[in-house]
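Numbering (the working numbering), first residue to last: 628 to 843. Read the structure below first, then the notes.
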Amino acid sequence: MNKLKTPILAIESSQELCSAAIFFSENHYAEKNTLQKHVHSEKLPLFINSLVEDVKIEIKNLSCIAVSSGPGSFTGLRIGFSLAKGIACGASIPIVPVPSFYSLALQICTFLPDGIKFLIANKVSRDELYYQKFISSSGNYRQITDVQIISNINFPDVIEKDEIIYGNSDFKGSVKISSSSAFFTAKWAYIFGKDLLSLEYDYLEPYYLKNFNPKV
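Structure (structure tokens):
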């Protein structure tokens with residue numbers, strides 16, 4: 628498998644976690660995180676400036692920018708994409724959109740034994756969830772289903788016995804991890820993102836899955 632060149636700047640803003648990282652390798656990286664609501668637009672630029680100074684690198688020398696592409700918070704995704712596009716365009720470096728559930732599945736599988744079925748379920752609204760099923764495999768994941776939208780009422784019907792639930796749903800027993808850290812956003816891009824590299828910034832948009840109607 629052809630992997631991306633490094634260093635990679637990663638931005639994770641799909642949920643409440645606000646995270647940025649500069650990734651050189653699995654053992655060499657710098658990362659900043661905060662778990663707060665409504666701070667992404669304020670904190671992410673500060674995190675990135677601090678990381679660039681910490682690792683003593685110029686933006687133009689990054690190989691690419693990996694950004695969480697959704698599904699997730701409409702506002703968070705828009706903030707992450709706007710920031711990634713601004714930085715990438717200014718430095719003429721490509722962007723890798725990283726599916727949010729894939730990077731989280733990769734993170735989850737670092738601590739699960741092989742063959743464990745799990746699903747990620749995050750809130751779309753008060754009444755609906757995004758969900759997707761996976762199985763752990765040698766520190767990685769295999770996808771069982773595509774990401775789908777389901778009502779809270781019908782969600783219990785799709786859960787199988789012994790399946791672990793992750794995400795921010797209100798379902799009893801779910802493990803409250805709703806997004807990966809930026810390290811795993813970068814790691815996913817490093818392993819799987821080579822064919823997703825793009826300099827066509829105008830055509831890159833978050834994967835909302837559900838239509839987004841902004842408030843006016």
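All residues carry an ideal CB built from backbone N, CA and C; glycine is no exception. Since the model is a prediction, treat every value here as computed from it, not as a measurement.
In whole angstroms, what is the alpha-carbon distance linking Gly742 and Cys736?
Here residue 742 is taken as the residue at index 115 of the sequence shown, counted from 1. Here residue 736 is taken as the residue at index 109 of the sequence shown, counted from 1. Roughly 10 Å separates the two Cα atoms.
Identify whether Val785 lies in helix, strand or coil by the three-state DSSP scheme.
For the purposes of this step, residue 785 is taken as residue 158 along the sequence shown, with counting starting at 1. DSSP places Val785 in helix when its eight states are reduced to three.
Out of Ser677, Pro698, Leu662, point me to the one whose CA is closest to Ala648's CA.
Counting from 1 along the sequence shown, the entry for residue 648 is found at position 21. With distances taken between Cα atoms, Ala648 lies closest to Ser677.
Does the separation of the CB atoms of Tyr828 and Lys683 fall below 9 Å?
Residue numbering aside, residue 828 sits at position 201 when the sequence shown is read from its first letter. Residue numbering aside, residue 683 sits at position 56 when the sequence shown is read from its first letter. No; because the gap between Cβ atoms is not below 9 Å, this pair is not in contact.
For Gly800 and Ile792, I'd like the C-alpha separation in whole angstroms.
Position 173 of the sequence shown, counting from 1, holds the residue named residue 800. Position 165 of the sequence shown, counting from 1, holds the residue named residue 792. Distance between the alpha carbons of Gly800 and Ile792: 7 Å.
Short of 7 Å in beta carbon distance, which residues of its chain neighbour Phe651, apart from the five on each side in sequence? Order them along the chain.
Sequence index remark: in the sequence shown, residue 651 carries index 24 (1-based). Once the five neighbours on either side are set aside, the close Cβ partners of Phe651 are Thr633, Pro634.
What number of angstroms, rounded off, separates the C-alpha of Thr702 from the C-alpha of Ser696?
Start at 1 with the first residue of the sequence shown, and residue 702 comes out as number 75. Start at 1 with the first residue of the sequence shown, and residue 696 comes out as number 69. The alpha-carbon atoms of Thr702 and Ser696 are separated by roughly 12 Å.
Looking only at C-alpha atoms, which of Tyr835, Thr812, Leu731, Leu836 sits nearest to Val723?
Indexing the sequence shown from 1 puts residue 723 at position 96. Answer by Cα proximity: Thr812.
Kindly provide the ranges of any alpha helix (DSSP H) runs that are 4 or more residues long and lie completely inside the region 678-735, ordered along the chain.
For secondary structure counted as the alpha helix (DSSP H) over 4 or more consecutive residues, the region 678-735 holds these complete runs in sequence order: 701-718, 727-735.
Could you spell out where the alpha helix (DSSP H) holding Tyr817 opens and where it closes?
One-based indexing of the sequence shown puts residue 817 at position 190. 809-819 is the span of the alpha helix (DSSP H), which, as asked, contains Tyr817.
Using 9 Å as the threshold, is the C-beta distance between Ala638 and Val694 below it?
Here residue 638 refers to the residue found at position 11 of the sequence shown. Here residue 694 refers to the residue found at position 67 of the sequence shown. This sequence places Ile at residue 638; Ala is not what is there. Taking 9 Å as the Cβ cut-off, Ile638 and Val694 qualify as a contacting pair.
Kindly indicate which three-state DSSP category Ser641 falls into: helix, strand or coil?
The sequence position of residue 641 within the sequence shown is 14, counting from 1. Taken through DSSP and simplified to helix, strand or coil, Ser641 comes out as coil.
Residue range of the beta strand (DSSP E) that Glu827 falls in?
The residue you call residue 827 lines up with position 200 of the sequence shown. Premise fails: Glu827 is in no beta strand (DSSP E) and is neither H nor E.
Taking just the CA atoms, how far does Ile692 sit from Lys821?
Taking the first residue of the sequence shown as 1, we reach residue 821 at position 194. Taking the first residue of the sequence shown as 1, we reach residue 692 at position 65. If you draw a straight line from the Cα of Lys821 to the Cα of Ile692, it is about 12 Å long.
Around the Cβ of Glu757, are there at least 16 other Cβ atoms within 10 angstroms (buried) or fewer (exposed)?
Walking along the sequence shown from the start, residue 757 turns up at place 130. For the sequence presented, residue 757 should be read as Tyr rather than Glu. The C-beta of Tyr757 has 16 or more other C-beta atoms within 10 Å across all chains shown, which makes the residue buried.
Cβ separation of Lys860 and Asp784, assumed to be a contact under 8 Å, to the nearest whole Å:
The structure shown has nothing for residue 860, since the chain only spans 628 to 843.
Going by the beta-carbon positions, is the gap between Ile762 and Ile771 smaller than 9 Å?
The count along the sequence shown starts at 1 and reaches residue 762 at position 135. The count along the sequence shown starts at 1 and reaches residue 771 at position 144. The answer is yes: Cβ separation under 9 Å.
Please name the residue, chosen from Arg769, Leu662, Asp797, Leu671, that lies closest to Leu739 on a Cα-to-Cα basis.
Within the sequence shown, the letter at position 112 stands for residue 739. That would be Arg769, whose Cα lies nearest to the Cα of Leu739.
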